[in-house]
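Engineer: Pasting a structure below so you can have a look.
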């Protein structure tokens, strides 16, 4: 373990190195030891690895005006040498690195920044979130629009888009209103669900959708199939973050717990047949709370 300067905002793994944005700093950790750390200007936010270098964003918040006043993109070598810094007015709310470095921007310009060049999107409203898989990049906007990097609007929802998750076949959007809505890439709606505000969501093994909700008092984890039907849910503390890789999914909670579910064990529990539906759901809910690795 390593003790960093402040709360952890983002984590990036590169081989045997872990890079984090922590409060005002970016730090690289190897084998539990902080190898280098640099203070950025304002809050240290997003991370990416692009063209062999570490890229971080930072933002300065103006309390008097209630908005972000300046942001920057910082480029470091893996050894911690500062190579470049570019400052601009818009805060990036999403960053993705492949052959290109793409950022989704807030006010005033909005749109996207691709390899340092501004690009308009299908909505003129601020980008609030984004996701990417293969050659697909999606942006969520403050006006409820969901657009892609080609400038096509895929959907227009009734509330701001808070988060997106996707596979190569479909995507799921969490709205500020608490709605979850799923579409294919031809803009056909697959399912929709209402509920308390969504705090985190991930698409995991077998195409299952996992989300955490928080109503101000009680948290809940919901697991849905590809038709949007809940196959199991359970009350929890407040879910904060989630991630999936191959046959596992992990959710982190405000009380410090991290729960990990493994595909084979989870599916084996699903195949068990209690005497009625309510018993099955109750049993699964208990196992959802307790199954961990």
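Residue numbers (this note's numbering): 14 to 306. Where is the CB? At the ideal position from N, CA and C, for every residue including glycine.
Tell me whether the beta-carbon of residue 236 lies closer than 8 Å to the beta-carbon of residue 221.
Structural biologist: Yes, the Cβ-Cβ distance between residue 236 and residue 221 is below 8 Å.
Engineer: Helix, strand or coil for residue 175? Go by DSSP, reduced to three states.
Structural biologist: Here residue 175 sits in strand by DSSP.
Engineer: May I ask which residues mark the beginning and end of the beta strand (DSSP E) holding residue 266?
Structural biologist: Residues 261-266.
Engineer: According to DSSP, is residue 94 part of a helix, a strand, or is it coil?
Structural biologist: Residue 94 falls in the coil class under three-state DSSP.
Engineer: For residue 216, list the residues DSSP reports as bridge partners.
Structural biologist: In DSSP, residue 216 forms a bridge with 222.
Engineer: Tell whether a beta-carbon distance below 8 Å holds between residue 71 and residue 87.
Structural biologist: In contact: residue 71 and residue 87 (Cβ atoms closer than 8 Å).
Engineer: For residue 150, does the count of other Cβ atoms within 10 angstroms reach 16, so buried, or fall short, so exposed?
Structural biologist: Buried, because 16 or more other Cβ atoms sit within 10 Å of the Cβ of residue 150.
Engineer: Around the Cβ of residue 229, are there at least 16 other Cβ atoms within 10 angstroms (buried) or fewer (exposed)?
Structural biologist: With fewer than 16 Cβ atoms within 10 Å of its Cβ, residue 229 is classed as exposed.
Engineer: Following the continuous beta strand (DSSP E) through residue 149, name the residue where it begins and the one where it ends.
Structural biologist: Per DSSP, residue 149 belongs to the beta strand (DSSP E) from 149-154.
Engineer: Just to confirm, are residue 143 and residue 129 a CB contact at a threshold of 8 Å?
Structural biologist: Contact: no.
Engineer: Should the region 117-125 be regarded as contacting the region 99-108, the criterion being three or more beta carbon pairs within less than 8 Å?
Structural biologist: As far as the Cβ criterion goes, the region 117-125 touches the region 99-108, which means the pair count is three or higher.
Engineer: On the DSSP letters alone, give me the boundaries of the beta strand (DSSP E) that residue 26 sits inside.
Structural biologist: Segment 21-27, the beta strand (DSSP E) holding residue 26.
Engineer: Can you grab the Cα-Cα spacing for the pair residue 75 / residue 81, in whole Å?
Structural biologist: Whole-angstrom Cα-Cα distance: 6 Å.
Engineer: Between the beta-carbon of residue 23 and the beta-carbon of residue 37, is there less than 8 Å?
Structural biologist: Cβ atoms of residue 23 and residue 37: not closer than 8 Å.
Engineer: Does the Cβ-Cβ distance between residue 60 and residue 25 come in under 8 Å?
Structural biologist: Yes, they are a contact pair.
Engineer: Can you grab the Cα-Cα spacing for the pair residue 32 / residue 50, in whole Å?
Structural biologist: When rounded, the distance between both Cα atoms is 10 Å.
Engineer: Quick one: what does DSSP say residue 198 is sitting in, helix, strand or coil?
Structural biologist: Coil at residue 198, not helix or strand.
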